[in-house]
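Novice: In terms of full-length UniProt numbering, the sequence shown opens at residue 1 and continues consecutively.
Glycine included, each C-beta is placed from N, C-alpha and C at the ideal position.
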Amino acid sequence: LAKLMASKYKKDPMLKRDGFEDILEERRNSSDLKYALRCYAPVLYKGVTPCKANMLKNIVLQSDQLHYVINQVSQESGEAPDIIQEEASVILEEMAHRLQISTVRFFAFALSKAFKTLFQHVCVNEEGIQRLQQAIQEHPVVLLPSHRSYMDFLLMSYILYTYDLALPVIAAGMDFMGMKFVGEMLRMSGAFFIRRSFGGDKLYWAVFSEYVKTMLRNGFAPIEFFLEGTRSRTCKSLTPKLGLLNIVIEPFFKGEVFDVNLVPVSISYERILEESLYARELLGVPKPKESTSGLLKARRILSEDYGSIHVYFGQPVSVRSLAQGKVNRSKYNLFPRHIPRKPMEETQSFVNDTAYRIVRLQEDNMVLKPWVLMASLLLQNLEGLELSVLTEQTLWLRGLALSYAAFLDWPDHAPTAKVVSSSLALHRGLACVSGGRVSLVVGEPLGPVTPEEAVFNRAVSVLSCASYRNQVLHVFLRPAMLAVAMHTAASSKKNEVYNCFSFLWDVFSNDFILCPGDTDFEEACYLLVKTGAVQMPQQDIEMTDRGQPILSFFNGLLEPFLQGYQVVCRYLCEEASEGLTEKQYIPAVRSFAVKLILAGAFTSLSEMFCVGSGFNQQDNNFSLQPSGTVYIYLDIPKLMVCRCSAVCQQHFNLLSTDPSHNRNHSFMSTSS
Numbered sequence: 001l002a003k004l005m006a007s008k009y010k011k012d013p014m015l016k017r018d019g020f021e022d023i024l025e026e027r028r029n030s031s032d033l034k035y036a037l038r039c040y041a042p043v044l045y046k047g048v049t050p051c052k053a054n055m056l057k058n059i060v061l062q063s064d065q066l067h068y069v070i071n072q073v074s075q076e077s078g079e080a081p082d083i084i085q086e087e088a089s090v091i092l093e094e095m096a097h098r099l100q101i102s103t104v105r106f107f108a109f110a111l112s113k114a115f116k117t118l119f120q121h122v123c124v125n126e127e128g129i130q131r132l133q134q135a136i137q138e139h140p141v142v143l144l145p146s147h148r149s150y151m152d153f154l155l156m157s158y159i160l161y162t163y164d165l166a167l168p169v170i171a172a173g174m175d176f177m178g179m180k181f182v183g184e185m186l187r188m189s190g191a192f193f194i195r196r197s198f199g200g201d202k203l204y205w206a207v208f209s210e211y212v213k214t215m216l217r218n219g220f221a222p223i224e225f226f227l228e229g230t231r232s233r234t235c236k237s238l239t240p241k242l243g244l245l246n247i248v249i250e251p252f253f254k255g256e257v258f259d260v261n262l263v264p265v266s267i268s269y270e271r272i273l274e275e276s277l278y279a280r281e282l283l284g285v286p287k288p289k290e291s292t293s294g295l296l297k298a299r300r301i302l303s304e305d306y307g308s309i310h311v312y313f314g315q316p317v318s319v320r321s322l323a324q325g326k327v328n329r330s331k332y333n334l335f336p337r338h339i340p341r342k343p344m345e346e347t348q349s350f351v352n353d354t355a356y357r358i359v360r361l362q363e364d365n366m367v368l369k370p371w372v373l374m375a376s377l378l379l380q381n382l383e384g385l386e387l388s389v390l391t392e393q394t395l396w397l398r399g400l401a402l403s404y405a406a407f408l409d410w411p412d413h414a415p416t417a418k419v420v421s422s423s424l425a426l427h428r429g430l431a432c433v434s435g436g437r438v439s440l441v442v443g444e445p446l447g448p449v450t451p452e453e454a455v456f457n458r459a460v461s462v463l464s465c466a467s468y469r470n471q472v473l474h475v476f477l478r479p480a481m482l483a484v485a486m487h488t489a490a491s492s493k494k495n496e497v498y499n500c501f502s503f504l505w506d507v508f509s510n511d512f513i514l515c516p517g518d519t520d521f522e523e524a525c526y527l528l529v530k531t532g533a534v535q536m537p538q539q540d541i542e543m544t545d546r547g548q549p550i551l552s553f554f555n556g557l558l559e560p561f562l563q564g565y566q567v568v569c570r571y572l573c574e575e576a577s578e579g580l581t582e583k584q585y586i587p588a589v590r591s592f593a594v595k596l597i598l599a600g601a602f603t604s605l606s607e608m609f610c611v612g613s614g615f616n617q618q619d620n621n622f623s624l625q626p627s628g629t630v631y632i633y634l635d636i637p638k639l640m641v642c643r644c645s646a647v648c649q650q651h652f653n654l655l656s657t658d659p660s661h662n663r664n665h666s667f668m669s670t671s672s
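(1) Could you tell me the boundaries of the beta strand (DSSP E) in which Gly173 lies?
(2) Would you tell me roughly how many angstroms separate the C-alpha atoms of Gly564 and Gln137, rounded to the nearest one?
(3) DSSP state of Ser308, grouped into three classes?
(4) Buried or exposed, going by whether 16 or more other CB atoms sit within 10 Å of the CB of Phe20?
(5) With a CB to CB cut of under 8 Å and the five nearest residues on each side skipped, what residues in its chain are close to Leu397?
(6) Using the beta-carbon count (16 or more within 10 Å), is Ile339 buried or exposed?
(7) Based on the DSSP output, what are the partners of Gln535 in its beta bridges?
(8) Assuming Val420 and Thr450 make a contact with CB atoms under 8 Å, what is their CB distance in whole Å?
(9) So, Tyr161 versus Val104, is the Cβ gap smaller than 8 Å?
(10) Do the CB positions of Ala533 and Leu551 come within less than 8 Å of each other?
(11) Quick one: what's got a C-beta closer than 7 Å to residue 673's C-beta in the same chain, skipping five residues either side?
(12) For the putative contact between Ile223 and Pro168, defined by C-beta atoms under 8 Å, what is the C-beta separation to the nearest angstrom?
(13) In terms of DSSP beta bridges, what is Pro445 paired with?
(14) So, at 7 Å on beta carbons, what are the nonlocal neighbours of Cys500 in its own chain, with the 5 sequence-adjacent residues on each side left out?
(15) Roughly how many angstroms lie between the CA atoms of Leu634 and Gly173, to the nearest whole one?
(16) Could you spell out where the alpha helix (DSSP H) holding Pro549 opens and where it closes?
(17) What residue range does the alpha helix (DSSP H) around Tyr35 cover?
(18) On a Cα-Cα basis, can you pick out the residue from Glu523, Ser77 and Lys52 that is closest to Tyr404?
(19) What residue ranges within the stretch 105 to 187 form continuous alpha helix (DSSP H) runs of no fewer than 4 residues, ordered along the chain?
(20) By the three-class DSSP mapping on this structure, what secondary structure does Tyr40 have?
(21) Let's test the definition: count the other Cβ atoms within 10 Å of the Cβ of Gln566 and tell me whether it reaches 16, buried, or not, exposed.
(22) For Ser439, which residues in the same chain have their Cβ closer than 6 Å to its Cβ, ignoring the five residues on either side in sequence?
(23) What distance in whole Å lies between the Cβ atoms of Cys123 and Ser308, which are believed to be in contact at a cut-off of 8 Å?
(24) I'd like to know if the stretch 54 to 67 and the stretch 201 to 214 are in contact, where contact means that at least 3 CB-CB pairs between them fall below 8 Å.
(25) Give me the Cα-Cα distance between residue 721 and His474, rounded to the nearest whole angstrom.
(26) Can a CB atom of chain B be found closer than 8 Å to the CB of Gln535?
(27) Per DSSP, which one or two residues make a beta bridge with Ser439?
(28) Which whole runs of the alpha helix (DSSP H) in the stretch 351 to 401 are 4 residues long or more, in chain order?
(29) Would you tell me roughly how many angstroms separate the C-alpha atoms of Leu527 and Asp540, rounded to the nearest one?
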């Protein structure tokens with residue numbers, strides 16, 4: 001295990017990753033019109049001829065699987081098969097893409113203009129592009145990008161067009177189809193539209209799954225979708241959704257294709273276009289409806305500087321290699337291929353493990369800018385930091401991040417002071433320097449505000465900054481969990497620290513990408529020993545003199561997430577009534593947190609992050625039982641981890657860091 005860890009966290013982590021090429025450099029020095037109208041002749045899977053949209057729809061409508069479901073639905077509903085067939089045709093017409101090269105060329109021209117205005121650089125790892133080009137020719141390819149912005153799917157198609165690769169067909173939500181003109185243009189550039197949820201609509205599911213599998217089996221184009229299912233408003237990875245991944249892997253299990261290549265793609269934004277929008281959504285402001293008028297109003301962002309984008313195409317992951325020894329495919333020969341069947345338990349487990357593996361690969365290749373380190377420090381010092389202190393601590397945190405194999409984009413040979421000042425200039429809407437002191441920017445109200453509105457304005461600033469801090473969480477998460485576990489344990493005995501770590505693992509299994517069966521505890525121990533923060537004589541784990549600032553920083557990193565759970569548990573114990581629905585409890589908990597802040601129970605606003613985000617974007621972690629007993633479900637369908645009224649308060653109060661470790665941290669008192 002030590003050898004494996006040493007190979008993963010070798011001395012120079014940058015050596016194992018590809019270099020980048022700025023694709024905007026050529027665009028700034030040549031004609032955008034010429035670029036858009038250039039010869040475009042991508043190589044396809046095994047030299048297949050591109051399939052026209054109408055032909056693709058005919059193949060789907062004539063498939064044995066769809067006919068089987070149509071007959072099933074006909075028998076269940078009593079309607080004639082012809083009527084159900086017509087319904088299927090309408091669904092497919094609403095769903096299907098109509099890729100046209102003329103529309104692609106228009107987007108190529110328009111996006112070139114927009115990207116050159118918005119971004120300083122759009123950097124792509126060309127070695128990853130070469131691997132993708134090879135993969136597309138050998139087996140069906142599924143592109144799985146991270147999802148932090150609306151810009152993601154446009155950017156992906158733009159890059160593939162730039163490198164003369166086959167354009168993907170992209171799964172998009174129905175929301176976009178309602179945008180006048182824009183929705184149809186997206187359809188003609190490769191988007192196919194699906195409902196956010198299918199409910200029990202057997203026919204819709206059959207049409208959708210057969211449409212996707214037909215494109216995959218025939219290799220007409222790479223398929224692209226977002227494993228997380230939606231944009232991450234918090235900018236940390238969301239737990240993956242498995243529906244589409246099940247569909248694209250099934251043809252391999254049934255022997256319809258030899259292999260499927262899954263390609264993780266990491267898209268990193270130096271500055272997120274939607275940063276303030278996300279903060280407001282997390283605080284309960286309704287998400288703006290996608291519309292053409294809204295898109296036109298958003299053109300004011302063209303006057304802003306959003307820094308750089310890094311897009312990293314990871315190594316293609318062979319489903320065949322992953323499934324070796326894990327899934328018995330011969331079981332699929334026992335039934336006709338066209339009869340839909342619920343995935344077997346071992347198949348479902350394999351798909352789940354694969355999804356988590358892909359998201360972890362996305363995280364590993366996320367490019368981090370200096371600002372994410374600065375944001376992490378500022379959020380632990382909300383009263384502000386001297387510029388010189390921030391510069392010194394940023395350099396210290398850089399060294400720590402690199403020792404943990406962070407993919408850090410740090411300007412070569414640039415003084416740290418210059419790096420910090422340029423980052424502050426780019427993010428001047430979030431932080432400012434006044435009198436030599438750096439602090440977060442809070443929007444000035446136009447008139448008198450209530451105390452609640454003042455808290456809201458402050459929280460917008462904190463949440464916007466937290467969205468950048470969250471980008472580095474995957475690097476520090478495991479050692480940070482161990483740091484909290486060490487503080488919580490009653491002794492330095494390794495087994496007792498491990499028990500606390502395991503409790504935290506369960507708590508955070510819906511907040512972070514923690515893969516079942518991973519060696520997270522051993523990895524955390526290795527990293528803290530590697531950086532000299534702890535020593536492990538025999539069966540003990542002890543903090544070293546050098547480790548105090550490291551463990552203190554890590555405790556502060558997880559503080560807002562623990563506080564979020566504390567606030568929710570306290571609300572459920574003190575104020576929640578029976579029959580509380582999810583829609584009711586999220587705003588109710590948010591209001592409860594504001595009340596606690598105004599009452600002086602918290603001196604920081606960082607806990608608003610968890611209340612506003614962790615429970616908005618994950619499965620419902622809390623359940624009120626008819627008996628009135630409150631349970632916490634931390635990994636559904638795993639049963640309960642603890643009962644809120646007793647054990648939960650005990651655990652979460654114990655998990656609070658001792659305020660004496662860092663005077664800037666503030667936690668609930670044990671009496672809470």
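Specialist: Inspection of the coordinates gives the following:
(1) The sequence position of residue 173 within the sequence shown is 173, counting from 1. Counting along the chain, Gly173 sits inside the beta strand (DSSP E) bounded by residues Val169 to Gly173.
(2) For the purposes of this step, residue 564 is taken as residue 564 along the sequence shown, with counting starting at 1. For the purposes of this step, residue 137 is taken as residue 137 along the sequence shown, with counting starting at 1. Gly564 and Gln137: Cα-Cα distance of roughly 48 Å.
(3) Against the sequence shown, residue 308 aligns to sequence position 308. In this structure, Ser308 counts as strand in the three-state DSSP scheme.
(4) The residue you call residue 20 lines up with position 20 of the sequence shown. Counting Cβ neighbours within 10 Å, Phe20 comes out buried, since at least 16 surround it.
(5) If you number the sequence shown from 1, residue 397 lands on position 397. Hits under 8 Å: Leu373, Ser376, Leu377 and Phe553.
(6) Here residue 339 refers to the residue found at position 339 when the sequence shown is read from its first residue. Ile339 is exposed by the Cβ-count criterion.
(7) Taking the sequence shown and counting its residues from 1, one reaches residue 535 at position 535. In DSSP, Gln535 forms a bridge with Glu542.
(8) Taking the sequence shown and counting its residues from 1, one reaches residue 420 at position 420. Taking the sequence shown and counting its residues from 1, one reaches residue 450 at position 450. With 8 Å as the limit, Val420 and Thr450 do not qualify as a contact, their Cβ atoms being about 36 Å apart.
(9) Taking the first residue of the sequence shown as position 1, residue 161 is located at position 161. Taking the first residue of the sequence shown as position 1, residue 104 is located at position 104. Going by C-beta atoms, Tyr161 is nearer than 8 Å to Val104.
(10) Against the sequence shown, residue 533 aligns to sequence position 533. Against the sequence shown, residue 551 aligns to sequence position 551. Yes, the pair counts as a contact, with Cβ atoms nearer than the cut-off.
(11) Outside the shown range of the chain, which is 1 to 672, sits residue 673, and nothing can be said about it.
(12) Stepping through the sequence shown from its first residue, residue 223 is reached at position 223. Stepping through the sequence shown from its first residue, residue 168 is reached at position 168. That belief holds up - the Cβ atoms of Ile223 and Pro168 are roughly 6 Å apart, short of 8 Å.
(13) As a working note, residue 445 is residue 445 in the sequence shown. BP columns for Pro445 are empty, so no partner.
(14) The sequence position of residue 500 within the sequence shown is 500, counting from 1. If we look at Cys500 and ignore the five residues flanking it on each side, its Cβ neighbours are Ala485, Thr488 and Ala489.
(15) Your numbering for residue 634 matches position 634 in the sequence shown. Your numbering for residue 173 matches position 173 in the sequence shown. Confidence at Leu634 is low in this model, with a pLDDT of 34, below 50, so its placement is unreliable and the value that follows should be read with caution. Straight-line spacing of the CA atoms in Leu634 and Gly173 works out to 28 Å.
(16) Position 549 of the sequence shown, counting from 1, holds the residue named residue 549. Gln548 to Glu574 is the extent of the alpha helix (DSSP H) around Pro549.
(17) Walking along the sequence shown from the start, residue 35 turns up at place 35. Counting along the chain, the alpha helix (DSSP H) containing Tyr35 begins and ends at Asp32 to Ala36.
(18) Here residue 404 refers to the residue found at position 404 when the sequence shown is read from its first residue. Of Glu523, Ser77 and Lys52, the residue nearest in Cα terms is Glu523.
(19) Complete alpha helix (DSSP H) runs here, min 4: 126 to 138, 151 to 162, 174 to 177 and 182 to 187.
(20) Taking the sequence shown and counting its residues from 1, one reaches residue 40 at position 40. Tyr40 falls in the coil class under three-state DSSP.
(21) In the sequence shown, residue 566 corresponds to position 566, counting from 1. It counts as buried.
(22) Walking along the sequence shown from the start, residue 439 turns up at place 439. Around Ser439: Gly384.
(23) Here residue 308 refers to the residue found at position 308 when the sequence shown is read from its first residue. Here residue 123 refers to the residue found at position 123 when the sequence shown is read from its first residue. About 6 Å; that satisfies the 8 Å criterion.
(24) Judged by Cβ distances under 8 Å, the stretch 54 to 67 makes contact with the stretch 201 to 214, as three or more pairs qualify.
(25) Because the chain spans 1 through 672 in this model, residue 721 falls outside it and cannot be assessed.
(26) The structure shown contains no chain B; it is built from a single protein chain.
(27) For the purposes of this step, residue 439 is taken as residue 439 along the sequence shown, with counting starting at 1. Its beta-bridge partners are Cys432.
(28) For the stretch 351 to 401, the full-length alpha helix (DSSP H) segments reaching 4 residues or more read 370 to 379 along the chain.
(29) Numbered from its first residue, the sequence shown carries residue 527 at position 527. Numbered from its first residue, the sequence shown carries residue 540 at position 540. Here the alpha carbons of Asp540 and Leu527 stand approximately 16 Å from one another.
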